[in-house]
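Engineer: In our numbering, the protein residues as written are 3 to 369.
Beta carbons are placed, not taken as given, at the ideal position from N, Cα and C, and that holds for glycine.
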Ligand code: NAD
Ligand code: IPM
Ligand code: MN
């Protein structure tokens, strides 16, 4: 038993496949004297199959107790017919909401070996290192009223974009704090030209800046223009802070700057716990990829890099996190590619498990 507790929720589709590779990395650290007290449980469609709910109260309670949760992915076509309240995605949203994980860090880094692979020109993405901070517990994902109602003879679908000042202020602080440790620049994105919630967002971010972080360079951009700028010249950005829905879209877009959605990790952080570390859930940005599930084609790097983020943000093991990132870089530099990283010129992709094995071999070679 160690004092580093980790709850692993592999989930659905490629979730268990990529998580099996993370387990190899965790086991390797165990052999080096850095052990984790790992427990595993169900979330998403597999939890619905077993218990009739995408997240049981017991799993929710366990997630609240541990130092960190690591999640694979949830969802799949099999569950599309389910009532909205028990869809796999509701399990993930409940974890985020009840753990109050308001700051979702989605770094988009272009590894040197992949600079040629992006759909954008090499000089646009080479050396790219940006951090999107997505507000994760509010906005249109959770606002009330919501639902599908009947108005006369028609159905009306309703969702509500809603942000309180304090919700905006706390995620803005996360962005400014992080910027100070990086390039000291924050760009805030909303649509203040059409949405009142966007006007409030812009005002509050500016107020927090002026009162507490005047040393950080702050700019504001409409989110649609931000999407354009992200593909035009992404290296102009350091930290981007934005709302729940815009952050969802912009981070998938940013994924392609790095070469593949299979490369992007994330950390969802909340308020500090008694031990001073934030409440946290780590997960790849990608989903359950039903089109490739069960075929050993999935890229495990996003999930492995999510574990690296856990090492850094939940366990104070920054050097070990860097060691994992260096191993990933080295494997890519050797030319190893899963199928998603194959260019039009083709080549022979390696399997999910061969990629995991290669990363562990690089870790072992690094000591
Ligand atoms: P997706 O991210 O699952 O897949 C989009 C495309 O990217 C697919 O072609 C897929 O094969 C590819 N891809 C994704 N991850 C990959 C990886 N690691 N390696 C190689 N290729 C990869 O998105 P989708 O198809 O829109 O959604 C599928 C399901 O996943 C839905 O049920 C959705 O709700 C769910 N989803 C879950 C999460 C999550 O659990 N955090 C995130 C996004 C989507
Ligand atoms: C993500 C996903 C989720 C979201 C879904 C699965 C609930 O797309 O984590 O990016 O929309 O937040
Ligand atoms: Mn998404």
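#1: Flag residue 91 as yes when its Cβ comes closer than 6 Å to any non-hydrogen atom of the ligand IPM, and as no otherwise.
#2: Bridge partners of residue 106, per DSSP?
#3: Please report how far the alpha carbon of residue 178 lies from the alpha carbon of residue 170, in whole angstroms.
#4: Are there 16 or more other CB atoms within 10 angstroms of the CB of residue 203, so buried, or fewer, so exposed?
#5: In the DSSP assignment, find the unbroken beta strand (DSSP E) run with residue 70 in it and report its ends.
#6: Between residue 122 and residue 361, what straight-line distance do the alpha-carbon atoms span, to the nearest angstrom?
#7: Just verifying my parser: in three-state terms, what is the DSSP assignment at residue 261?
#8: Leaving aside the five residues before and after residue 80 along the sequence, list all residues of the same chain whose C-beta is less than 7 Å from its C-beta, in chain order.
#9: Give me the Cα-Cα distance between residue 211 and residue 273, rounded to the nearest whole angstrom.
#10: Report the residue ranges of all beta strand (DSSP E) runs contained in full by the region 199-251; include only those spanning at least 3 residues, in chain order.
#11: Using the beta-carbon of each residue, find all residues closer than 6 Å to any heavy atom of the ligand MN and list them in chain order.
#12: What residues in its chain sit with their C-beta under 8 Å from that of residue 226, if we drop five residues either side in the sequence?
#13: Ends of the alpha helix (DSSP H) at residue 29?
#14: Can you name the residues that DSSP bridges to residue 191?
#15: What is the residue span of the beta strand (DSSP E) that residue 158 lies within?
#16: If the criterion is Cβ atoms closer than 7 Å, does the pair residue 264 and residue 120 meet it?
#17: Can residue 294 be considered in contact with the ligand NAD, in the sense that its beta carbon sits closer than 6 Å to one or more heavy atoms?
#18: Let me make sure I understand the geometry here. Which of 174, 322, 355 has the alpha-carbon closest to that of residue 35?
#19: Using a Cβ-Cβ cutoff of less than 8 Å, which residues in the same chain neighbour residue 3 once the five nearest sequence positions on both sides are dropped?
#20: Could you say if the region 15-24 and the region 65-77 meet the contact criterion of at least three C-beta pairs nearer than 8 Å?
#21: Within a Cβ cutoff of 6 Å, which residues of the same chain sit near residue 30, ignoring the five residues on either side of it in sequence?
#22: Kindly identify the DSSP beta-bridge partner or partners of residue 152.
#23: Shortest alpha-carbon distance to residue 231 belongs to which of 205, 23, 259, 283?
#24: Check whether the region 174-189 and the region 238-247 are in contact - that is, three or more C-beta pairs closer than 8 Å.
#25: In this structure, does DSSP put residue 256 in helix, strand or coil?
#26: Nearer than 6 Å: is that true of the beta carbon of residue 77 relative to any heavy atom of the ligand NAD?
#27: Helix or strand or just coil, what does DSSP make of residue 3?
#28: Of the residues 280, 82, 190, which one's Cα is nearest the Cα of residue 222?
#29: Taking the continuous beta strand (DSSP E) assigned at residue 282, which residues delimit it?
#30: Using CA atoms only, rank isn't needed, just tell me which of 149, 153, 138 is closest to residue 249.
#31: Roughly how far, in whole angstroms, is the beta-carbon of residue 338 from the beta-carbon of residue 352, given that I think they are within contact range, below 8 Å?
#32: Round the Cβ separation of residue 270 and residue 57 to the nearest angstrom and send it over; I've been treating them as touching at under 8 Å.
#33: Report whether the distance from the Cβ of residue 290 to the nearest heavy atom of the ligand NAD is below 6 Å.
#34: What three-state label does DSSP hand residue 320 in the structure shown?
#35: Can you tell me whether residue 216 is buried or exposed, with buried defined as 16 or more other CB within 10 angstroms of its CB?
Structural biologist: Put simply:
#1: Yes, since a heavy atom of the ligand IPM falls inside the 6 Å radius drawn around the Cβ of residue 91.
#2: DSSP output for residue 106 lists 136, 270 as bridge partner(s).
#3: Spanning the alpha carbons of residue 178 and residue 170 requires a straight line of approximately 12 Å.
#4: Result: buried.
#5: Where residue 70 is concerned, the enclosing beta strand (DSSP E) stretches over 70-75.
#6: Taking the straight line joining both Cα atoms gives about 27 Å.
#7: Correct three-state label for residue 261: coil.
#8: Here residue 80 has 47 as same chain residues with Cβ atoms under 7 Å from its own Cβ, once five neighbours each way along the sequence are excluded.
#9: When only Cα atoms are considered, residue 211 and residue 273 end up about 20 Å apart.
#10: Note on the region 199-251: whole beta strand (DSSP E) runs with a minimum of 3 residues are 219-224, 241-244, in chain order.
#11: Counting every residue whose Cβ lies closer than 6 Å to a heavy atom of the ligand MN, we get 250, 254.
#12: The beta carbon of residue 226 sits closer than 8 Å to those of 193, all from its chain and outside the five residues before and after it, given in chain order.
#13: For residue 29, the uninterrupted alpha helix (DSSP H) run begins and ends at 17-33, by DSSP.
#14: According to DSSP, which records beta bridges pairwise, residue 191 is partnered with 223, 244.
#15: Where residue 158 is concerned, the enclosing beta strand (DSSP E) stretches over 156-162.
#16: For residue 264 and residue 120, no; Cβs fall outside 7 Å.
#17: Yes, Cβ of residue 294 sits closer than 6 Å to a heavy atom of the ligand NAD.
#18: It is 322.
#19: Bear in mind that a pLDDT of 45 at residue 3, under 50, signals an unreliable position, so the number given afterwards is only what the model happens to contain. So the qualifying residues of the chain are 39.
#20: As far as the Cβ criterion goes, the region 15-24 touches the region 65-77, which means the pair count is three or higher.
#21: Exclusion of the five residues before and after residue 30 leaves 362, 365 as the residues of its chain whose Cβ lies within less than 6 Å of its Cβ.
#22: 157.
#23: Here the closest residue by C-alpha is 259.
#24: The region 174-189 is in contact with the region 238-247.
#25: Here residue 256 sits in helix by DSSP.
#26: In terms of side-chain proximity, the C-beta atom of residue 77 is found nearer than 6 Å to a non-hydrogen atom of the ligand NAD.
#27: Annotation note: pLDDT 45 at residue 3 (below 50); position unreliable, coordinate value reported separately. Judged by DSSP in its simplified three-state form, residue 3 adopts coil rather than helix or strand.
#28: Ranking 280, 82, 190 by Cα distance to residue 222 puts 190 first.
#29: Residue 282 -> beta strand (DSSP E) spans 280-284.
#30: If you compare the alpha carbons of 149, 153, 138 with that of residue 249, the shortest gap goes to 138.
#31: Rounded to whole angstroms, the Cβ separation of residue 338 and residue 352 is 5 Å, and the two are in contact under 8 Å.
#32: Under the criterion of beta carbons closer than 8 Å, residue 270 and residue 57 do not qualify as touching, at roughly 15 Å.
#33: Flag set: Cβ of residue 290 near the ligand NAD.
#34: Per DSSP, reduced to three states, the secondary structure at residue 320 is helical.
#35: Per the 10 Å Cβ criterion, exposed.
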